[in-house]
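Scroll down for the structure; my scribbles are underneath it.
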Amino acid sequence: ACDGKYSTRARTTHVLTRAMEYFPSHAGGDRAAFAGKTLVLPAVGHGNVGQLAVDLMIQTLVVDRLASGKSRLGCLDHPSVLPCVGTDAFAPIGEGRAYPPRGGPVPTLGTTTGGDPHRSCRDPGGSLATSLELHGDETALPGVVFLQQRGDVVSGKSNRFAIDLADFIETCKFGKVVILASLPSTAQNGSKETIGDTRFRHARVVGISSEVSDTEKARGETIGATFAFATDEDLRWTHLGACTIEPDSVPTDAPDKFSLPPWSLLRALAKVSSSRKNTQGEKIELGIDVSCLVAVCSEGDNSDDAARAAETTSLFLGIQGARSLDVQEESFCRSGPLLRETWSVPSSWRGAYGRGAAARAMFA
């Protein structure tokens with residue numbers, strides 16, 4: 477059944493347009509089951525660091541810990557997100573196959589390390605991957621849900637998508653939201669960082685206000701007169717080596733750039749938090765703890781940046797034993813090569829970054 481809602485566009489014609497729709501995969505994926513939990517999601521951006529980090533966390537913290545290897549809670553659909561479909565991104569590896577030693581090359585699709593070279597490593601019974609999916613399991617990783625976004629947002633629709641996603645997050649009553657984002661190394665004006673140097677920063681939103689004090693203006697905490705962006709330090713991130721983002725990395729002088737991720741979602745979540753009122757017209761404090769980890773990086777093979785982001789986020793959330801010895805032994809036939817000695821590489825990464833040559837028949 478479809479767990480969705482609809483909104484009407486007030487234009488010259490009254491057209492019923494779809495907003496965010498949610499399709500639970502099973503009872504554990506019902507909206508009511510998300511109350512009070514932490515949502516970790518990417519903001520599609522430079523080098524796809526956020527998406528890659530979420531992939532690593534789903535594979536290592538959820539899939540590797542499940543005998544079934546099935547972690548999907550449900551699928552989301554939004555008209556502003558480009559549709560995409562593919563084979564199961566976290567498909568288990570076939571029985572009797574092993575990955576090469578740590579640090580070794582990633583096998584390509586259709587090959588094995590000790591089996592029939594013409595037989596795919598993928599589990600033929602795996603499900604299809606779609607543009608927007610929720611993953612998690614209360615047994616494997618209690619209290620944490622991952623949203624993976626594989627489809628890009630249609631040009632000019634980032635704000636609409638962010639608003640509807642923030643509304644979905646609010647209606648599900650998530651208690652904490654962690655956004656994993658990335659910006660180009662040129663985002664900071666006058667940066668002396670060299671190509672290949674990646675630094676991590678954090679950003680927060682403190683809410684919406686119609687009136688802005690001179691003190692707030694001096695601290696750079698305003699976006700126009702409505703969006704209050706916190707530049708003060710969050711020690712939870714700073715202790716992990718992610719300092720507060722530099723003011724010149726935030727486009728306070730170009731409000732139109734706040735239509736781009738992660739700013740569009742941060743702003744939408746702030747608006748949701750500040751606009752809810754009860755029947756007496758009194759403001760309701762939703763209590764959603766929203767923060768954003770930003771990788772300022774160069775684009776290329778950003779898999780190591782993703783592993784660092786996943787590691788930092790896990791520490792921020794207090795997740796211990798990302799990959800314990802017993803998990804390695806029980807899931808060896810399914811887990812891939814490791815990044816930074818901790819994170820299992822999903823099977824869907826095997827052809828990434830030129831790791832494997834494409835079959836010539838593809839171009840025949």
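Position one of the sequence shown corresponds to residue 477 (the working numbering), numbered consecutively onward.
Even for Gly, the Cβ is constructed at its ideal location relative to N, Cα and C.
By the 16-neighbour rule on beta-carbons within 10 angstroms, residue 829 is exposed. For residue 836, the number of other beta carbons within 10 angstroms of its own is below 16, and it is reported as exposed.
For residue 526, the enclosing alpha helix (DSSP H) begins and ends at 525 to 537. Rounded to whole angstroms, residue 651 and residue 820 show a C-alpha spacing of 28 Å. For residue 740, the closest C-alpha among the options 637, 827 and 509 is that of 637. Looking at the DSSP output, residue 624 shares a beta bridge with 609.
In the structure shown, residue 640 falls within a helical segment according to DSSP collapsed to helix, strand and coil.
In this structure, 618 is the residue among 510, 559 and 618 with its C-alpha nearest to the C-alpha of residue 794. Going by beta carbons, residue 629 and residue 530 fall outside the 8 Å limit. For residue 562, the three-state secondary structure derived from DSSP is strand. Less than 8 Å divides the Cβ of residue 561 from the Cβ of residue 604.
Taking a contact as a CB-CB distance under 8 Å, the pair residue 745 and residue 791 does not count as one, their CB atoms being some 23 Å apart. In this structure residue 838 is exposed. Its beta-carbon is surrounded by fewer than 16 other beta-carbon atoms within 10 angstroms.
Taking a cut-off of 8 Å for Cβ pairs, the region 653 to 662 and the region 516 to 532 touch, as three or more such pairs fall below it. Residue 649 and residue 513 have their C-alpha atoms some 8 Å from each other. Per DSSP, residue 788 is one residue of the alpha helix (DSSP H) stretching across 779 to 792. Take residue 504, set aside five residues on each side of it, and the residues of its chain with a beta-carbon closer than 8 Å to its own are 549, 613 and 614, in chain order. Under DSSP, residue 655 shares a beta bridge with 517 and 768. Annotated three-state conformation of residue 550 is strand, per DSSP. Beta bridge pairing from DSSP links residue 679 with 768. Counting along the chain, residue 711 sits inside the alpha helix (DSSP H) bounded by residues 711 to 714. A straight line joining the alpha-carbon of residue 634 with that of residue 655 spans about 15 Å.
Taking each of 772, 711 and 624 in turn and checking the Cα distance to residue 553, the smallest one comes out for 624. In chain order, 652 place their CB closer than 6 Å to the CB of residue 765, counting only its own chain and leaving out the 5 sequence neighbours on each side.
C-alpha of residue 782 to C-alpha of residue 709: approximately 23 Å in a straight line. Cβ atoms of residue 642 and residue 538 stay farther apart than 8 Å, at about 24 Å. In this structure residue 547 touches residue 534 by the C-beta definition: roughly 6 Å separates them, less than 8 Å.
Here residue 527 is buried. Its C-beta has 16 or more other C-beta atoms within 10 Å. In the three-state scheme derived from DSSP, where H, G and I count as helix and E and B as strand, residue 495 is classed as strand. Residue pairing from DSSP places residue 814 in a beta bridge opposite 820. A residue is called buried when at least 16 other Cβ atoms come within 10 angstroms of its Cβ; residue 678 meets this threshold and is buried. For the pair residue 771 and residue 676, the CB atoms are nearer than the 8 Å cut-off.
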